[in-house]
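Down below is the structure, laid out as structure tokens.
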Amino acid sequence: MLKSLFNWKVLLNLVIAIGVFAGLVWLTFRWLEHHTNHGQEIPVPNIVNKSIHDAVKILDDTGLEYEVDSANYNPKFRPFQVLQVYPAPGSRVKDGRTVHLTVNPRTWAPIAVPDVINKYSGLAFQRLDQVGLKIGDTIYEPSIQKDALLRILYKGNAVNPGARLPRFSVIDVVVGSGPMRNISIPNVVGLTVKEARAVITKSMFEVGLVEHEDGSKDESDIIYYQDPASGDVRDQGMQIDLWASKKTPAELRAKIEQLNSIYRMKVDTSLPPVRYEEVHNEPSYDAPVVPAPVPRRETQKPEVPKTETPKTQTTTSKPAVTGTEKPKTSTVAPATGHTAKPAASTTTQQPAQKPKAKKVVVE
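Going by our numbering, the first residue of the sequence shown is number 33, and it counts up by one from there.
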């Protein structure tokens with residue numbers, strides 16, 4: 033086996049294979065040097081803070097390719113000013129290398145208008161400020177949607193949600209101030225349903241029930257009755273009911289009279305007017321309720337009849353032989369000198385009492 037390995041033919045083939053491999057490697061490197069311009073490097077020029085037009089012209093003269101990318105708008109720099117270069121200025125690159133440029137845009141990037149229509153104005157203003165829109169004038173317009181944002185205006189034109197505007201643009205908003213009061217209702221009798229809808233909407237009312245005589249929904253039918261009647265006053269946003277037919281109002285006189293008996297109230301003017309008089313009442317204030325005290329039951333004592341004791345003036349009786357004398361009553365006359373009237377109460381005569389016998393003790 034060793035003899036066959038060191039055979040001259042084998043050695044010759046091995047040398048030829050090594051030579052072919054070395055030649056291929058040399059040719060490959062030569063081709064790469066030619067294709068990549070090995071040894072030919074170009075310094076990146078300093079084009080920072082230059083305008084994009086001057087920077088592109090310098091790169092074209094140098095033989096370098098470029099790509100332009102815009103960053104967020106920065107008001108501190110000029111529009112279309114080169115802010116950054118990659119590779120950095122002074123770096124050596126091959127001819128034909130692409131250089132990336134970051135340029136300041138002309139203005140702020142456009143933003144989408146948020147959907148805040150028919151939303152509460154306080155929340156709508158906050159949302160508009162968050163996306164970068166500035167609110168200019170606030171216009172109040174009569175509407176049943178009080179304090180709701182109705183429209184957004186940019187330079188006098190209405191803007192729909194989703195439209196793109198420059199950042200920090202000044203916009204005007206229309207806000208509802210509440211419904212108008214006492215608006216005269218228009219007369220739509222004789223008009224078609226389509227024309228009546230336009231008139232009612234223009235008068236700031238809404239179309240309510242639309243009843244067609246034949247049951248169809250033809251917008252070309254003629255209005256022969258409306259409720260409320262024309263000339264009445266209502267608030268903004270109230271509904272107006274319509275009755276339509278292909279016939280004219282003159283041909284539907286009986287139907288109109290029937291509807292009048294239902295929707296029109298007749299006022300009897302033959303009765304004398306009622307007179308109202310104003311009564312001025314003093315304001316009354318309710319006193320606090322105090323519970324009434326419970327009456328105590330008192331036991332009545334029986335009244336003892338008083339007996340009047342007449343005052344009598346008695347004289348000392350002296351014993352007489354014939355017997356005892358009855359005491360005489362005397363009345364004192366008043367000092368005025370007038371005749372004294374007899375006393376109302378008569379004195380009662382008491383019998384004379386016998387003297388009691390004294391006990392004598394003899395010792």
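Ideal Cβ placement from N, Cα and C applies to all residues, glycine included. Treat the numbers as computed from the prediction; the structure is a model and nothing was measured.
Leaving out the 5 sequence neighbours to the left and right, which residues in its chain are closer than 8 angstroms to residue i when beta-carbon positions are compared?
i: residue 220; result: 227, 228, 231, 232, 255, 258, 262, 272 and 274
i: residue 142; result: 196, 197, 198 and 199
i: residue 354; result: Residue placement at residue 354 is flagged as unreliable, the pLDDT there being 43, under the threshold of 50; the coordinate-derived value follows with that caveat. Nothing meets the Cβ criterion.
i: residue 369; result: Low per-residue confidence applies at residue 369: pLDDT is 42, beneath 50, and the placement is therefore not dependable, though the value from the model is reported in the following sentence. If we look at residue 369 and ignore the five residues flanking it on each side, it has no Cβ neighbours.
i: residue 135; result: 84, 100, 101, 102, 103, 112, 113, 114 and 115
Report all residues from its chain with a CB closer than 7 angstroms to the CB of residue i; omit the five preceding and five following residues, and keep chain order.
i: residue 169; result: 204
i: residue 179; result: 152, 153, 207 and 208
i: residue 373; result: Because the pLDDT at residue 373 is just 45, under 50, the model does not fix this residue reliably, and the value given afterwards should be weighed accordingly. Counting only Cβ-Cβ distances below 7 angstroms, and skipping sequence neighbours, we find nothing.
i: residue 82; result: 114
i: residue 284; result: 256 and 277
i: residue 251; result: 224, 225 and 226
i: residue 90; result: 77 and 79
i: residue 164; result: 143, 199 and 200
i: residue 351; result: Confidence at residue 351 is low in this model, with a pLDDT of 44, below 50, so the placement of that residue should be treated as unreliable; the coordinate-derived value is given next. Cβ within range, chain order: n/a, list empty.
Who are the Cβ neighbours of residue i in its own chain at under 6 angstroms, not counting the five residues just before and after it?
i: residue 295; result: 259
i: residue 190; result: 183
i: residue 206; result: 171, 173, 182 and 183
i: residue 214; result: 265
i: residue 109; result: 136
Closest to residue i by CA distance: which of the options is it?
i: residue 85; options: 114, 78 and 153; result: 114
i: residue 234; options: 210, 117, 268 and 55; result: 268
i: residue 244; options: 237, 253, 238 and 162; result: 253
i: residue 87; options: 160, 218 and 132; result: 132
i: residue 202; options: 291, 166 and 185; result: 166
i: residue 177; options: 46, 53, 63 and 210; result: 210
i: residue 236; options: 246, 212 and 247; result: 212
i: residue 175; options: 188, 162, 150 and 63; result: 150
Per DSSP, which one or two residues make a beta bridge with residue i?
i: residue 277; result: 254
i: residue 402; result: Residue 402 is absent from the model: the chain starts at 33 and stops at 395.
i: residue 90; result: Residue 90 pairs with nothing; no bridge assigned.
i: residue 98; result: 131
i: residue 181; result: 207
i: residue 290; result: None; residue 290 has no bridge partner.
i: residue 244; result: 276
For residue i and residue j, I'd like the C-alpha separation in whole angstroms.
i: residue 195; j: residue 270; result: 33 angstroms
i: residue 137; j: residue 76; result: 23 angstroms
i: residue 124; j: residue 56; result: 30 angstroms
i: residue 20; j: residue 105; result: Coverage of the chain is limited to positions 33 through 395, which leaves residue 20 absent and any answer about it impossible.
i: residue 80; j: residue 121; result: 8 angstroms
i: residue 240; j: residue 147; result: 29 angstroms
i: residue 54; j: residue 118; result: 39 angstroms
i: residue 48; j: residue 40; result: 12 angstroms
i: residue 185; j: residue 161; result: 15 angstroms
i: residue 193; j: residue 145; result: 5 angstroms
i: residue 222; j: residue 238; result: 18 angstroms
Please tell me whether residue i has its Cβ less than 7 angstroms away from any Cβ of chain B.
i: residue 214; result: Included in the structure is just one protein chain, with no chain B present.
Item checked: Segments of 3+ residues assigned as beta strand (DSSP E) that fall wholly inside the stretch 101-176 -> Correct list: 114-118, 124-126, 130-135, 142-144 and 166-173.
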